[in-house]
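Numbering-wise (the UniProt record's numbering), the sequence shown opens with residue 1 and increments by one. For every residue, glycine included, the Cβ atom is placed at its ideal position computed from N, Cα and C.
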Amino acid sequence: MRRSEKVLKIKEIFDRVYADAKCSLDYTEPYQLLIAVVLSAQCTDKRVNIVTQTLFDKYKTLKDFADADIDELAEAVKPCGFYKTKSRNIKALAQKIIEEYGGKIPDTMEELTALPGVGRKTANLILGDVYGKPALVIDTHAIRLTGRIGLTKETDPKKIEFDLKKFVPDDYSIHFCHQLVWHGRAICTARSPKCEICPIAMLCRYYEKTYLKKGD
């Protein structure tokens, strides 16, 4: 089966099982999503949401982050880990967005990845969720699942992204990535994937190699 065909079959199933899949970070303004993603590096979304609930009450605008006392900001984001680096990046990116883009988050990969602390994963999330552009967020779930399913042989996030672009429909790309996260948390976990109850098991190379070839 061609990979493009496999993705469409997966889409048909995921659209039923994970119809409501979306980004698990809480935000109301685009800049809040950007800040939340910066905080999420090496930290769980659950913890980030706890921290940002208070953080976004204290710093109510992008300018508040740009003008923030760096020590106070660092203390506020401390539970997310790497707080000194994250606080510096948040303050700096807020300043840059205000100074260079009039307070509006840029909408190109090149401009987004030029912001402090922003890589391709973060940029793609902004492009997809904020601007509705074709975007593939290659996080740990996407890396693990696309490899297991057999959609790519690549292991480098950027190479996976460009490989998937060849056959994942543009209008499905960001939703597909959110569905992968939900599926990765519920079924296809890192250590003990629940293949016996997986709705896409018959489309999965890992299931085929692990179960079918053993005669299970």
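Exercise for review: Quick one: give me the first and last residue of the alpha helix (DSSP H) that Y211 is part of.
Suggested key: Taken as a continuous stretch (DSSP letters only), Y211 belongs to no alpha helix (DSSP H), as it is neither H nor E.
**Study point:** Top-ranked residue by Cα proximity to E196, from Q32, Y211, V168, S173
**Key:** Y211
Exercise for review: Look at the alpha carbon of D20 and the alpha carbon of R185, and state the distance between them as a whole number of angstroms.
Suggested key: 15 Å
**Study point:** Close beta carbons around I98, own chain, < 8 Å, minus the five adjacent residues each side
**Key:** L62, K63, A66
Review point. Does DSSP put Q42 in a helix, in a strand, or in coil?
Key: coil
Point to revise | Cβ pair count under 8 Å reaching 3, the segment 175–191 against the segment 30–42 | key: no
Point to revise | Reference I13, options Q42, I138, L203, closest by Cα | key: L203
Point to revise | Enclosing alpha helix (DSSP H) for E161 [first to last residue] | key: 157–164 is the span of the alpha helix (DSSP H), which, as asked, contains E161.
Exercise for review: Can you tell me which of the three DSSP states V168 falls into?
Suggested key: coil
Practice item. Would you mind working out which of L125, H175, L164 sits nearest I143, comparing C-alpha positions? Key: Distance check between I143 and each of L125, H175, L164 places L164 closest, using alpha-carbon atoms only.
Check your understanding: Quick one: what does DSSP say P134 is sitting in, helix, strand or coil?
Key -> coil
Practice item. For Y18, count neighbouring C-beta atoms within 10 Å of its own C-beta (all shown protein chains included) and say buried if the count is 16 or more, exposed if not. Key: buried
Exercise for review: Find out if the Cβ-Cβ distance for the pair L25, S4 is shorter than 8 Å.
Suggested key: Not in contact: L25 and S4 (Cβ atoms no closer than 8 Å).
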